[in-house]
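Residue numbers for the sequence shown follow full-length UniProt numbering, so the first one is 1 and each next one is one higher.
A virtual CB, placed ideally from N, CA and C, is assigned to each residue, including glycine.
Written below as structure tokens is the structure these notes are about.
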Amino acid sequence: MRLSIRLSIPSVCANPARYWQTTDNALFFDLTYIDWDHSLAAALFWSAAWAALFIKDKRIAVVAFVAAFSHFVADWPMHNSDLALYPNSDIHMGYGLWGKLGVASWVLEGVFVLTLAVYAWIQSEKRGVSMLWPSVVLALLFLNLSPWLSPMKHVATLNEPAAHILHGILVTGGFLLPGAIMTWLINRSELKAK
Ligand SMILES: [Zn+2]
């Protein structure tokens with residue numbers, strides 16, 4: 001871990017035994033160094049970088065910035081004090097609801113997502129766009145990240161380097177694949193409604 005901090009490489013540590021004490025709830029891994037993707041300064045930088053891609057239309061650029069930065073805002077109440085102010089800063093933030101609430105924090109995240117999904121459903125229905133399949137995928141993802149079904153539960157018990165390699169593959173895939181599937185499903189619904 002020290003080596004990776006010196007090299008500033010994001011690092012995680014398998015922690016199969018202490019599910020709710022880990023710094024990321026459904027990962028079964030401690031997020032020991034996430035300053036380049038999860039610090040406040042990094043979040044502002046990445047959000048600005050994302051917004052810059054849409055700079056031709058200032059309104060869209062602002063929405064893109066807010067959408068990207070909402071990740072940090074949503075992370076803050078949940079994370080267990082591993083969100084640095086800036087890379088390599090000694091100051092770390094995060095209200096720590098994962099640690100404080102345990103299983104209830106998973107339920108809380110579900111209620112939060114459900115509220116947003118219902119809002120999206122109602123708004124889309126007004127335009128004749130069905131959110132049925134995106135909602136089905138969302139529900140499956142939520143169950144998959146439960147304290148009982150998270151694939152990380154098994155991965156964290158593997159020997160090294162298998163644990164870290166599989167962790168990397170699952171986290172990368174876990175962000176890209178659902179995003180791609182949801183985009184495809186929503187675009188399909190939008191096209192059908194036209
Ligand atoms: Zn995050």
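Distance check for residue j and residue i, CA to CA, integer angstroms please.
| i | j | result |
| --- | --- | --- |
| Ile-165 | Arg-127 | 44 angstroms |
| Met-78 | Ser-124 | 29 angstroms |
| Leu-140 | Phe-112 | 16 angstroms |
| Gly-96 | Asn-159 | 29 angstroms |
| Pro-147 | Asp-75 | 18 angstroms |
| Val-155 | Ile-186 | 31 angstroms |
| Lys-153 | Thr-115 | 28 angstroms |
| Ser-89 | Val-171 | 25 angstroms |
| Ala-180 | Ser-81 | 30 angstroms |
| Gly-102 | His-167 | 22 angstroms |
| Ser-130 | Ile-91 | 44 angstroms |
| Lys-192 | Ala-61 | 27 angstroms |
| Leu-132 | Pro-151 | 26 angstroms |
| Ala-163 | Gly-173 | 15 angstroms |
| Gly-110 | Val-137 | 13 angstroms |
| Phe-29 | Thr-157 | 10 angstroms |
| Asp-35 | Phe-54 | 26 angstroms |
Residue i by DSSP, collapsed to three states: which one?
| i | result |
| --- | --- |
| Leu-31 | strand |
| Ala-84 | strand |
| Ser-39 | coil |
| Lys-100 | helix |
| Gly-179 | helix |
| Glu-160 | coil |
| His-71 | helix |
| Val-137 | helix |
| Gly-110 | helix |
| Arg-59 | helix |
| residue 197 | Nothing in the structure corresponds to residue 197, since the chain is present only between 1 and 194. |
| Val-155 | helix |
| Asn-147 | In the sequence as presented, Asn is not what sits at residue 147; that position holds Pro. Reduced to three states, the DSSP call for Pro-147 is coil. |
| Met-131 | coil |
| Lys-192 | helix |
| His-167 | helix |
Taking all protein chains shown into account, do 16 or more other C-beta atoms lie within 10 angstroms of the C-beta of residue i, making it buried, or fewer, making it exposed?
| i | result |
| --- | --- |
| Ala-31 | Before going on, a small fix: residue 31 reads as Leu here, not Ala. So Leu-31 ends up on the buried side. |
| Ala-51 | buried |
| Val-64 | Note on residue identity: the sequence assigns Ala, not Val, to residue 64. So Ala-64 ends up on the buried side. |
| Gly-99 | buried |
| Pro-161 | exposed |
| Phe-175 | exposed |
| Ser-70 | exposed |
| Asp-37 | exposed |
| Asn-144 | exposed |
| Asp-57 | exposed |
| Leu-83 | buried |
| Ala-43 | buried |
DSSP beta-bridge partners for residue i?
| i | result |
| --- | --- |
| His-92 | Ala-84 |
Query raised in the report: Where the beta carbon is closer than 6 angstroms to any heavy atom of ligand 1, which residues qualify, in chain order?
Result: His-38, His-71 and Asp-75
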